[in-house]
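Trainee:
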Amino acid sequence: MLGVDDDALVYYFFFFTTFLSCLKSSDGGIHGLGPFLAKEAPGCLKERSLQDFQGKKLAIDASMAMYQFLIAVRSTGENGVAQPLTSASGEETSHLQGFFWRTIAMVKAGIRPLYVFDGKPPSLKSGEIASRNLRRDEGAKRLQEATEEGNVEEMNKFAKRTTRVTKQHAEECKRLLRLLGVPTVDAPSEAEAQCAALAKNGLVYASATEDMDALCCGSPILVRRLTMSEARKLPVLEYHLDQVLSSLGLNMTQFVDFCILCGCDFSETIKGIGPKSALHGIRKHGNIESFIESLNTSKFVVPDPFPIDEIRQLLTTPEVVDMGNLSIDWNAEPDEEGLIEFLVKEKGFSEKRVRGGLEAIKKAKMVKPQGKLDMFFSPKKTTPQASTLLNSTFAATNESLPADREDLKRGLSSTSAADQKPAKRSRGRKASASK
1 MLGVDDDALV YYFFFFTTFL SCLKSSDGGI HGLGPFLAKE APGCLKERSL
51 QDFQGKKLAI DASMAMYQFL IAVRSTGENG VAQPLTSASG EETSHLQGFF
101 WRTIAMVKAG IRPLYVFDGK PPSLKSGEIA SRNLRRDEGA KRLQEATEEG
151 NVEEMNKFAK RTTRVTKQHA EECKRLLRLL GVPTVDAPSE AEAQCAALAK
201 NGLVYASATE DMDALCCGSP ILVRRLTMSE ARKLPVLEYH LDQVLSSLGL
251 NMTQFVDFCI LCGCDFSETI KGIGPKSALH GIRKHGNIES FIESLNTSKF
301 VVPDPFPIDE IRQLLTTPEV VDMGNLSIDW NAEPDEEGLI EFLVKEKGFS
351 EKRVRGGLEA IKKAKMVKPQ GKLDMFFSPK KTTPQASTLL NSTFAATNES
401 LPADREDLKR GLSSTSAADQ KPAKRSRGRK ASASK
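Residues 1 to 435, numbered by the UniProt record's numbering, are exactly what the sequence shown covers, in order.
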């Protein structure tokens, strides 16, 4: 619970299958890397709580969080089908509910969030985007069939596959964060790459994203599950790049090649080559080119084209903001009346709850961050037993994931949704920083 007007808050959680999909973590960006590291290199992975990040600045992948909240923050309609939360005028508000309450939870825990929004995707990602669009269209078709049949389970399943983050969603979230006094950055391209650059340059403690390729982009620390619900008692996962490399016995160049072989958003994969064979191949041959030369071409088919150099460049030197021209205001104050105008008058939120949330932020900002014990002692590492448990939960479910975004792991976030209505539809280049 957030502790803000507890009697009035009602926390809605989407279906348990959505929750399980968060656990599976078969990984945005790099296919299967999360469960592979949990099993083969548990020393690189630490379990954290939200409170462990007290006083730390975190660069959060806002575009991924938007998708998570649109999927997870829903309520059940009269026909049993989960619907997005909406305002009285029918506009979706699930993303705003998620950002508002989760950001409050972070600030109360002493975290200083910086949200990073996607820019234009790299041209090499066009194939992945086209595939997602095709799967989304197929999902819409299957949703229509399920609606005509009255199959509620299938309707819920395929409704998730049609979810799309729009420019309006992003602009509304930026407006909300600006009114909360929380800084944002518009990335010129991929948000996770920008998060990694901020961490690499020491402007934040870590990148917070489900996309594992933030490690390839050089983020010293990667945090996952940050936007998930504490009510589920799940640990936040923290990966340390230096320990990933030492555990796998690779240098950074080899690690990037290993990740490309595992599979990423910028190319098709070599069928039959997973993380285990990719690691063995890179350890033995040193790079992708030599590994491919060693393959039995009658058994393994290399994608054509397979733009290895271009993928390496996207992962190691992505397009990001010029840090010398980036100004971030960490001390902006919330605009209380501006928030009331936006959330209450325009979006139909409860004024009592909004003001209660603002009061929690004000109180949290007045508290001086205290030193944590882990400043003097090593944080808890994932034990082999815990690694086995993590690996088993990572594989808990496949079917619940929307097919168009199986690379993302959704998390449930505690939200206040009592004042929102479910949607009526049951059928169914230089980036800038702002306050």
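A virtual CB, placed ideally from N, CA and C, is assigned to each residue, including glycine.
Between Cys195 and Val107, what straight-line distance do the alpha-carbon atoms span, to the nearest angstrom?
Mentor: 19 Å
Trainee: Is Leu50 helix, strand or coil when you go by DSSP?
Mentor: helix
Trainee: Could you tell me the alpha carbon to alpha carbon distance between Leu215 and Ala197, rounded to whole angstroms?
Mentor: 10 Å
Trainee: Less than 7 Å between C-beta atoms, sequence neighbours within five positions excluded: which residues of the same chain meet that for Gly119?
Mentor: Here the set comprises Asp186, Ala187, Pro188, Ser189, Ala431.
Trainee: Look at the Cβ atom of Ala41, then the Cβ atom of Ser247, and state whether they are nearer than 8 Å.
Mentor: yes
Trainee: For Ser63, does the count of other Cβ atoms within 10 angstroms reach 16, so buried, or fall short, so exposed?
Mentor: Around the CB of Ser63, 16 or more other CB atoms lie within 10 Å, so the residue is classed as buried.
Trainee: Which residue marks the beginning of the beta strand (DSSP E) containing Ala206, and which one marks its end?
Mentor: 206 to 208
Trainee: Are the CB atoms of Phe291 and Gly281 within a distance shorter than 8 Å?
Mentor: yes
Trainee: Within this structure, are the beta carbons of Lys345 and Thr93 separated by less than 8 Å?
Mentor: no
Trainee: Among the residues of its own chain, which have a CB less than 6 Å from the CB of Ile270, if the five just before and after it don't count?
Mentor: Phe300, Val302
Trainee: When DSSP builds the beta bridges, which residues end up paired with Lys57?
Mentor: Arg112
Trainee: Ignore the nearest five residues each way along the sequence and tell me which others in Glu333's own chain have a CB closer than 6 Å to its CB.
Mentor: Gly181
Trainee: Is any beta-carbon of chain D found at less than 8 Å from that of Val73?
Mentor: Reference to chain D is not applicable here, since this structure consists of a single protein chain.
Trainee: Around the C-beta of Gln168, are 16 or more other C-beta atoms found within 10 angstroms, so that it is buried, or is it exposed?
Mentor: exposed
Trainee: I'd like the span of the beta strand (DSSP E) that includes Val223, first residue to last.
Mentor: 221 to 224
Trainee: Have a look at Leu261 and Val244 and give me their C-alpha separation to the nearest angstrom.
Mentor: Their backbone Cα atoms lie some 17 Å apart in a straight line.
Trainee: Which value, in whole angstroms, describes the spacing of the CA atoms of Gln254 and Gly263?
Mentor: So the two alpha carbons sit approximately 14 Å from each other.
Trainee: Applying the criterion that 16 or more other CB atoms from any shown protein chain within 10 Å of the CB defines a buried residue, is Thr103 buried or exposed?
Mentor: buried
Trainee: Excluding sequence positions up to five away, which residues of its chain have a Cβ less than 7 Å from the Cβ of Tyr115?
Mentor: Ile60, Ala62, Leu177, Val182, Thr184
Trainee: Taking the C-alpha atoms as reference points, what is the distance between Leu279 and Ala193?
Mentor: 23 Å
Trainee: Since Ile240 sits in a beta bridge, which residues does DSSP pair it with?
Mentor: At residue 240 the sequence reads His, which differs from the Ile that was named. Note: His240 sits in a beta bridge opposite Ile221.
Trainee: Considering just the uninterrupted stretch of the alpha helix (DSSP H) at Phe291, what are its terminal residues?
Mentor: 288 to 294
Trainee: Rounded C-beta distance between Val165 and Met66? I'm assuming under 8 Å.
Mentor: 5 Å
Trainee: What are the boundary residues of the alpha helix (DSSP H) that includes Glu192?
Mentor: 191 to 200
Trainee: Look at the alpha carbon of Met366 and the alpha carbon of Asn331, and state the distance between them as a whole number of angstroms.
Mentor: Pairing Met366 with Asn331, the inter-Cα distance amounts to about 12 Å.
Trainee: Can you have a look at Asn213 and say buried or exposed, based on whether 16 or more other CB atoms are within 10 angstroms of its CB?
Mentor: This sequence places Asp at residue 213; Asn is not what is there. Under a 10 Å Cβ-count criterion, Asp213 is classified as buried, with 16 or more other Cβ atoms of the shown protein chains found around its own Cβ.
Trainee: Count the other C-beta atoms from every protein chain shown that fall within 10 angstroms of the C-beta of Lys284, then say buried if there are 16 or more, exposed otherwise.
Mentor: exposed
Trainee: Going along the chain, which unbroken runs of the alpha helix (DSSP H) with 4 or more residues stay wholly within the region 260 to 320?
Mentor: As far as the region 260 to 320 is concerned, its whole alpha helix (DSSP H) runs of at least 4 residues are 275 to 285, 288 to 294, 308 to 316.
Trainee: Just the Cα atoms here: how many angstroms apart are Ala364 and Ile111?
Mentor: 10 Å
Trainee: Within its chain, find whatever has a CB closer than 6 Å to the CB of Asp335; leave out the 5 residues flanking it on each side and keep chain order.
Mentor: Leu179
Trainee: Buried or exposed: where does Met228 fall if 16 or more other Cβ atoms within 10 Å of its Cβ makes it buried?
Mentor: buried
Trainee: Put Glu92 into one of helix, strand or coil per three-state DSSP.
Mentor: Looking at Glu92 - three-state DSSP - the assignment turns out to be strand.
Trainee: Taking Cβ positions, are Phe349 and Leu343 nearer each other than 8 Å?
Mentor: yes
Trainee: For Lys46 and Leu237, what's the separation of their Cα atoms in angstroms?
Mentor: 6 Å
Trainee: Give the straight-line distance between the Cα atoms of Trp101 and Ser277, rounded to the nearest whole angstrom.
Mentor: 43 Å
Trainee: So which of Ala206, Ser298, Asn201 has the shortest CA-CA distance to Gly272?
Mentor: The option with the nearest alpha carbon to Gly272 is Ser298.
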